[in-house]
Every structure is written in C-alpha cells, then in structure tokens.
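Residue numbers (the working numbering): 127 to 321. All C-beta atoms in this analysis are idealised placements derived from N, C-alpha and C, irrespective of residue type, glycine included.
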Amino acid sequence: PLDAAVLATRQQQLQTLGTEVASCRRCEELACGRRQTVFGAGSPAAKICFFGEAPGADEDATGEPFVGKAGQLLTKIIEACHLSREEVYILNVLKCRPPGNRKPLPDEVANCRDYFQQQLALIAPEVICCLGATSAQALLDTTESIGKLRGRWHRFGNAAVICTYHPSYLLRNPAAKRDVWDDMKTMMRHFGCEL
Ligand code: URA
Numbered sequence: 127p128l129d130a131a132v133l134a135t136r137q138q139q140l141q142t143l144g145t146e147v148a149s150c151r152r153c154e155e156l157a158c159g160r161r162q163t164v165f166g167a168g169s170p171a172a173k174i175c176f177f178g179e180a181p182g183a184d185e186d187a188t189g190e191p192f193v194g195k196a197g198q199l200l201t202k203i204i205e206a207c208h209l210s211r212e213e214v215y216i217l218n219v220l221k222c223r224p225p226g227n228r229k230p231l232p233d234e235v236a237n238c239r240d241y242f243q244q245q246l247a248l249i250a251p252e253v254i255c256c257l258g259a260t261s262a263q264a265l266l267d268t269t270e271s272i273g274k275l276r277g278r279w280h281r282f283g284n285a286a287v288i289c290t291y292h293p294s295y296l297l298r299n300p301a302a303k304r305d306v307w308d309d310m311k312t313m314m315r316h317f318g319c320e321l
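Put into structure tokens, the structure is as follows:
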C-alpha cells in the first residue's frame, strides 16, 4: 500500500495542476465556449486510469468526467470489472468541451498533452485503458485505427496500455460490447482477476 504521506503529496500536486488547468486559455475557442474545465476524478492511488476524449455537455455543466449517457455506460463497464469509479481514475485528453462535441483538433490535443501527461505521471497507474481512437492515438502517438489497436497490450512509460472502443460508440453500435468485454477481461487478467 502507498504511504499516506506520498499519497497526500500526490493529491496536492494533482490539485495544483487542476487549478492551473482551470484558468488555461491555450485554445481560444475552447476557453471561450466552456462553462468550466473537466480535470479528472477518482483515486490518486488508482491502479487503473480510464482515458477518454473530451467533456460533453453534461461534463461541461458538472465539471465531472463521464457523467452523461456514455458516462453511465462507462460506470457499468467499470462495475462489471468488479471496480468502482472511486477506486479508479477517469480523465480525458481535452479538459474543455469542444463546440458541438466535435472531435478534438490536433492543435488542441497538443495544447492539452502536457496536462494529461503530468496527470498520468503523478498517478503512475499500472494500466491505462484508452477509450476510443482519440485517446489511444494521442497516448501512443500513432494513427492506427482503434480496431487495430484494441485487443492487445501497448506501453506508455511504466504503464501497460489497453485500448478499447469508446462507450459513445457502444451506444450507437451495441454489437461491439462483446469486444469491449474481451478487452476488459484481458485488462483484469493483468491483476489476476478472471471475469
Ligand atoms: N466522453 C468522453 O470522452 N469523456 C467524457 O468525459 C464524457 C464523454
């Protein structure tokens, strides 16, 4: 178990970074359109980080990641892994809602890279689960499709990386839930947990 003092320091560093992000104006269009930034949520001691794309309307309104329709599905996926939202950490590539929920632009990902990399370095999870192509491609610095990236292990620093489909995609394409379940089984087997 992590030392309480180490965790308290980490919590403090995350909070400091979150405060910095809250006043970020690197992307003019996003800074003008947001109600608030959505930094991330969960345990600073998390062994697993779920890495999404960008806040939507519900997240922009609440300041919490993955609280809308896709978020409710992510919560179900997390619980199906015998985990809770409180014990994992959930973050996005972008901390601001893109207008009309459009895909993040390359410049926006570049502007936010330093934030998500610092977050991941502070939490130092054993596993990062990328949700969808945007986060997988941003983290792994690749243009490979999510269909090709999913189902096998990758690496980011000391973390093992598994990629799977985004919950929003599952809402449009429920048949892909089987593949996500396979990916979650692979992920949890890493921790000796057979689903
Ligand atoms: N989709 C994401 O990628 N992230 C969120 O926080 C919500 C929806």
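Within the region 222-300, complete alpha helix (DSSP H) segments of at least 4 residues are found at 232-249, 259-266, 272-275 and 293-298, given in chain order. Of the residues assessed, E154 falls on the exposed side of the cut-off, its CB having fewer than 16 other CB atoms within 10 angstroms. Only residues of its own chain outside the window of five on either side were considered, and among them E213, V214, Y215, I249 and P251 have a CB closer than 7 Å to the CB of A172, listed in chain order.
Within the same chain, and ignoring the five residues on either side of V193 in sequence, the residues whose Cβ sits closer than 7 Å to its Cβ are D184 and E185. With contacts defined as CB atoms closer than 7 Å, V219 and E179 qualify as a contacting pair. Not a single heavy atom of the ligand URA lies less than 6 Å from the C-beta of A262. In the structure shown, the three-state DSSP call for G144 is helix. Distances from the CB of G182 to the heavy atoms of the ligand URA include at least one below 6 Å.
Distances taken from the Cβ of A196 to the heavy atoms of the ligand URA include one shorter than 6 Å. The Cβ atoms of G197 and N227 do not sit closer than 7 Å to each other. Judged by DSSP in its simplified three-state form, C175 adopts strand. Each residue's CA atom was taken as its position, placing V147 and F165 some 7 Å apart. The closest heavy atom of the ligand URA lies less than 6 Å from the beta carbon of E179.
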